[in-house]
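Right, one structure below, let's go through it.
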Amino acid sequence: MPMVTVRAVRPGDLPQVWTLTILPNIGETADRAVPLPLPAAPAPPPGDFADVGDPQARFVARGGCFLVAVTGDGHVVGTGGFRPVADHPGRLEVLRVRVHPALRRQGIGRALLGALEARGRDLGFHEAWLDTATNQPEAMAFYRSLGYREVGRTSHPDWHWTLAYHLKPL
Numbered sequence: 019m020p021m022v023t024v025r026a027v028r029p030g031d032l033p034q035v036w037t038l039t040i041l042p043n044i045g046e047t048a049d050r051a052v053p054l055p056l057p058a059a060p061a062p063p064p065g066d067f068a069d070v071g072d073p074q075a076r077f078v079a080r081g082g083c084f085l086v087a088v089t090g091d092g093h094v095v096g097t098g099g100f101r102p103v104a105d106h107p108g109r110l111e112v113l114r115v116r117v118h119p120a121l122r123r124q125g126i127g128r129a130l131l132g133a134l135e136a137r138g139r140d141l142g143f144h145e146a147w148l149d150t151a152t153n154q155p156e157a158m159a160f161y162r163s164l165g166y167r168e169v170g171r172t173s174h175p176d177w178h179w180t181l182a183y184h185l186k187p188l
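Numbering (my numbering), first residue to last: 19 to 188.
Have a look at this one:
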C-alpha cells in the first residue's frame, strides 16, 4: 500500500473530497489516468452527494464520522464516512467510500473501512450497514472480503442498477 494516513477530514481537504466523490458519476470509475493529485472541485457535489459538502454537519454532528486517506504530501486519495441509522439503534450506515482510481487494490479502501469500523465500535455501534450497486462487482467483492454479507436487494424501474444491502457485525 502506498504511504497514506487515515484521519478525520479537515476543511482544506474538501475540494479534493468533492472531486473524488463525483468521479464514479462521470464515467471514470476505474480510470487509472485520473491525475494525482486530484484537481480541486470548485463547489460541493449536488443531489445525492450533497452530504459531503459539509461532512462535519452531515456526519460528525449526527453522531458519525468522516475520514480521508491522504498521501504524505497531503493529497486526498480516499474517503469514507458513517452515521447512525435512526430506526436501528446500534447500527451505523457506511457511506461515500471512495478510493482514487489510480490507487485501487492497494489496501487504501481496506484501511479506510477498518478505521471506520474501529471508530464505530468506539462510539458503541455493534453493526455496520451499507449498500452498493450490483453494477459495481468489484465493490461488492470488496465488501464481501471484509465480512459484509448481502441481506437484500432493491430495484426500481427508473434505475439502471439494483442496490444490494450488506450487513456486518462490529
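Don't be surprised by glycine CBs; every beta carbon is placed ideally from N, CA and C.
> Which residues in the same chain as residue 144 place their Cβ atom closer than 6 Å to its Cβ, once the five residues preceding and following it in sequence are excluded?
Replying inline: Excluding the 5 residues flanking it on each side, residue 144 has same chain C-beta neighbours closer than 6 Å at 108 and 188, in chain order.
> If we ignore side chains and look at the alpha-carbon of each, how far apart do residue 172 and residue 68 end up?
Replying inline: Here the alpha carbon of residue 172 sits roughly 22 Å from the alpha carbon of residue 68.
>> Since residue 130 and residue 87 should fall inside the 8 Å C-beta cutoff, what is the C-beta to C-beta distance between them, to a whole number of angstroms?
In response: Rounded, the Cβ-Cβ distance is 6 Å, consistent with contact.
> Any idea which residues DSSP pairs residue 102 with across the strands?
Replying inline: When DSSP reads this structure, residue 102 sits in a beta bridge with 110.
>> Give me, in chain order, the residues of the same chain whose beta-carbon lies closer than 8 Å to that of residue 101; leave out the 5 immediate sequence neighbours on both sides.
In response: The answer, listed in chain order, is 76, 77, 80, 81, 82, 110, 111 and 113.
> What is the residue span of the beta strand (DSSP E) that residue 147 lies within?
Replying inline: Residues 145 to 151.
>> For residue 37 and residue 57, what's the separation of their Cα atoms in angstroms?
In response: Roughly 7 Å between the two C-alpha positions.
> Where residue 89 and residue 181 are concerned, what is the direct C-alpha to C-alpha distance, given to the nearest angstrom?
Replying inline: Across the structure, residue 89 and residue 181 are spaced so that their CA atoms are roughly 32 Å apart.
>> Measuring only the C-alpha atoms, how far is residue 184 from residue 174?
In response: Each residue's Cα considered, the two are about 18 Å apart.
> At which residues does the alpha helix (DSSP H) containing residue 87 begin and terminate?
Replying inline: Counting along the chain, no alpha helix (DSSP H) covers residue 87; the unbroken beta strand (DSSP E) around it starts and ends at 83 to 89.
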